[in-house]
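In the order they appear, the protein sequences are chains P and L.
The first sequence: position 94 = 94 (the UniProt record's numbering), numbered continuously.
The second sequence: position 373 = 373 (the UniProt record's numbering), numbered continuously.
Everything on this sheet refers to the single structure shown next.
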Amino acid sequence: MTIAAALGSEAAASGPAAAPPGTSRPGRRPRGGAYLLLAPGLVYLLLFFVLPVVALLATSLYVPVPGGDVGQFQPALEWQNYASALRAFWPQLVRSFAFALVATVAALLIGYPMAYVVAVRLRGRQLAQGLLLVLLVAPFFTSFILRTIAWKQILADDAFVVSALKWLQVLPADGRLTATAFAVVAGLTYNFLPFMALPIYASLGRLDPRLVEAGGDLYANGLTTFRRVTLPLSMPGVVSGTLLTFIPASGDYVNAVLLGNPTSTAMIGQVIDSRFFRVADYPTASALSVVLMLAILALVTAYVRRAGTEDLV
Amino acid sequence: MAHGTTTGVQDAAGPAGATDGPTSGGSGADLGLVGVTKAFGSYLAVDDLTLTVPAGTFFALLGPSGCGKTTTLRMVAGLEHPTSGSITIGGTDVTARRAHQRPVNTVFQSYALFPHLTVLENVAFGLRRRRVPDAVARARDGLALVELPHLADRRPAQLSGGQQQRVALARALVNSPAVLLLDEPLGALDLKLRRQMQVELKRIQTEVGLTFVHVTHDQEEAMTMADQVAVMNAGRIEQLGTPAELYELPRTVFVANFLGQSNLLPGRVREVRDGWVGVDVGGTRLVVPQDRAVSTHGDVLVGVRPEKIHLLPADEELSDDANVVGPGRVTDVSFAGVSTQYQVEVPGLGTLGVFAQNLAGGAQVALGAQVRLAWAPRFTFGLDGSTDASDGVVDLDRA
Ligand SMILES: Nc1ncnc2c1ncn2[C@@H]1O[C@H](COP(=O)(O)OP(=O)(O)OP(=O)(O)O)[C@@H](O)[C@H]1O
Ligand SMILES: [Mg+2]
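Here's what the structure looks like:
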């Protein structure tokens, strides 16, 4: 809910910025019939979101069938499941958010300049813009898993990246990249970069270049104009981009599985995965899923409040 | 960086750019353009423009759409770099300076208010960049000057068009720039608000004594507001002078038609004697003062403004020294309250327009009447006869 509101606020926030002066957005008030249009979406959400969440909540409170087989549980209200799950797996939970945070910041630092060059520097040069956007989206043409496996090979112990870094003495002679936290964060950053860059690109593309000129006219040099005009006006894109990166990154397990090691880089998604499919410990897996969901919700709410997108309305 | 900027601004602006508040009577600086040319590809948007705007003048740049007015302003503001030529402000060459290093502010046609800042912060933006102390207090003064102090905390999107325009004006004015550039700032306003803002702008300019360069394609606006008007056409300045000079003595067909209306009669010079030029116009002899004639030989256009012409009954006696044409037939009478506009078709000369004040109440000449047209020779002007006599005619449907 909050996420949707935060993402939705981008459109609302950039409205006044994009509209020419003097025009106001007509208030749209859906009539009764308009709500009917929501019906398919509501049914879909009920079937594929609300019901699974309810099931998840219920499962998280199950207890093992006494004397039963592995993976046999019965309905109960065992809140202790949460305490024991957290006690056992809090390091992975914290690590997930730490990795996701670092990856989000890295994606922002890489993605913002990319989006800026394409949207602002190449404004009006449609061919160049189109080409670069296709390049940005091109990774989506191959599977997420395949791309991550490719990274595994690029970062492998006998591949040129590691040997080059060793030769440059950046890495010690016995150092490696795969199975490290660095590799996991690098993979997360790479895989979610388009989700960061595209909303920022959209925001910057809507930026009125005349506002930048006005900044220069009012004694602001290039850097100050960027800080005082361009950056604040692209904040809706930054907020969307960081959410679209942080949320999936904190629940991701593909990167941790393929590029990390099972102990020191394990993320919460990986734990949930193994609890569910390997150990058949459904209540713990469900409890961790619920905790992850609530934690993301809380963090995102705090972030959106803090980022002050309401400032842009 | 920021410190360097401040210094740069003060260098060129002198006392104006320093610490004077918007209401404390800062003064403008001379603006000079020498041979300024701007080419977009092979197209010359501004062609070898040379002009001087004296300090403290309200200067209007008037011309039809696409003639290069905005491009000229943008070059002065530093938002566009001239292909050649130089620009000076207060005697300092600023051609190579970036926009933020020039003591110039612009009121953009689109206002370009920052949507993420309050009205007050918009106005304080330039002051803050120059580290002016008490920027907020000055911004409030600026808002008071445009009579919007009560809207300080609103966002631009919450203002009406006219209010936004005044905020844009305040945002530029508070900096007391050596030169204030206004790019059709009243273009989006309705007629009433437009007239009101014209008066306001003129008042503010007189009060603060800055150099204003006001771009417009509304000739009435230019004439009522400006001390000096430059009429621009196709990237060049056609004529420069006070509104009265331009109106009473246009030197090109374009100016004669673009600024008000003119009757232009093609003729040929017969004699030049005692400071007068005698011209044969379709068999009638008209005289033009020699100093009011651009050309004194060959083909010329004899011009006279419609309100200078008197309509006389075809049989009335006339003094010898008047310019008289006709008789002709009145083909149109339109009553406009203070005046009546007549169209008179004179065989061999075409249709002439005449404005008559309604001193006696109502139209004095009936449709279809035979009349002669007379005017004093000293109001006559002579133009180059090789130009198309309709050059610069303003399409009344558009105006
Ligand atoms: N960036 C540009 N690239 C190419 N041509 C341009 C550019 N900017 C302006 N022009 C051309 O230069 C000419 C002058 O433009 P300018 O904007 O100065 O006109 P203007 O006198 O301000 O007109 P208006 O009254 O319609 O605003 C126009 O023909 C325009 O098409
Ligand atoms: Mg223009």
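Glycine is no exception: its CB is placed at the ideal position from the N, C-alpha and C atoms.
Quick caveat: nothing in here was measured; it's all calculated off a predicted structure.
The Cβ of L79 (chain L) sits closer than 7 Å to at least one Cβ of chain P. For T70 (chain L), the distance from the CB to the nearest heavy atom of ligand 2 is below 6 Å. CA-to-CA, the gap between P243 (chain L) and A55 (chain L) works out to about 18 Å. Around E78 (chain P), no beta-carbon contact reaches into chain L at under 7 Å, the shortest distance being about 50 Å.
Ligand 1 approaches H217 (chain L) closely enough that one of its heavy atoms is under 6 Å from the residue's Cβ. Two segments are said to touch when three or more pairs of C-beta atoms, one from each, lie closer than 8 Å; by this definition the segment 242 to 257 of chain L touches the segment 372 to 387 of chain L.
The C-alpha of T106 (chain L) is placed about 11 Å away from the C-alpha of A170 (chain L). In this structure, ligand 1 has a non-hydrogen atom nearer than 6 Å to the beta-carbon of F40 (chain L).
CA-CA distance, R98 (chain L) to T230 (chain P), rounds to 18 Å. Assignment of L312 (chain L) by DSSP, reduced to helix, strand and coil, places it in the strand class. Proximity of the beta carbon of S65 (chain L) to ligand 1 is indicated: a heavy atom of the ligand is located closer than 6 Å.
The CB of G126 (chain L) comes closer than 7 Å to the CB of L218 and Y219 in chain P, given here in chain order. Between the alpha carbons of L312 (chain L) and G337 (chain L) lies a distance of about 21 Å. In this structure, L:E238 is the residue among L:G267, L:R270, L:V272 and L:E238 with its C-alpha nearest to the C-alpha of A256 (chain L). Only residues of its own chain outside the window of five on either side were considered, and among them Q153 have a CB closer than 7 Å to the CB of A159 (chain P), listed in chain order. Residues of the same chain with a CB within less than 7 Å of the CB of A139 (chain L), apart from the 5 flanking positions on each side, are L120, V123, A124, L127 and V174 in chain order. In the structure shown, A226 (chain L) falls within a coil segment according to DSSP collapsed to helix, strand and coil. Nearest Cα to F195 (chain P) within the set P:I247, P:P209, P:A173 and P:D208: P:I247.
Not a single CB atom of chain P sits nearer than 7 Å to the CB of R131 (chain L).
Around the Cβ of K69 (chain L), a 10 Å sphere holds 16 or more other Cβ atoms; the residue is buried. Using a Cβ-Cβ cut-off of 9 Å, H100 (chain L) is close to G215, G216, D217, L218, Y219, A220, N221, G222, T224 and T225 of chain P, given in chain order. For H116 (chain L), the nearest beta carbon of chain P is closer than 7 Å to its own beta carbon.
No residue range can be given for D190 (chain L), since it is assigned to no beta strand (DSSP E) and is classified by DSSP as neither H nor E.
Here the alpha carbons of A226 (chain L) and V199 (chain L) stand approximately 11 Å from one another.
For L108 (chain P), the nearest beta carbon of chain L is not closer than 7 Å to its own beta carbon. For T148 (chain P), the uninterrupted alpha helix (DSSP H) segment begins and ends at F144 to I154. Against chain L, the CB of L292 (chain P) has no partner CB under 7 Å away; the residue lies outside that interface. Taken in chain order, the members of the segment 227 to 241 of chain P whose beta-carbon sits within less than 7 Å of a beta-carbon on chain L are V229, P232 and L233. Note that the segment 282 to 298 of chain P touches the segment 49 to 63 of chain P; at least 3 beta-carbon pairs, one per stretch, sit closer than 8 Å.
Apart from the 5 residues on each side of it in sequence, G348 (chain L) sits with its Cβ closer than 6 Å to the Cβ of G282 in its chain, given in chain order.
When DSSP assignments are scanned along the segment 204 to 256 of chain L, the uninterrupted stretches of beta strand (DSSP E) that are 3 or more residues long and fall wholly within it turn out to be 211 to 216, 228 to 233 and 236 to 241.
Here S84 (chain P) is exposed, its C-beta having fewer than 16 other C-beta atoms within 10 Å.
Contacts between L207 (chain P) and chain L, judged by CB atoms closer than 8 Å, are missing: the closest CB pair is about 10 Å apart. The closest heavy atom of ligand 1 lies 6 Å or more from the beta carbon of A60 (chain L). The beta-carbon of R95 (chain P) is placed no less than 7 Å from the nearest beta-carbon of chain L.
Spanning the alpha carbons of G161 (chain L) and A222 (chain L) requires a straight line of approximately 21 Å.
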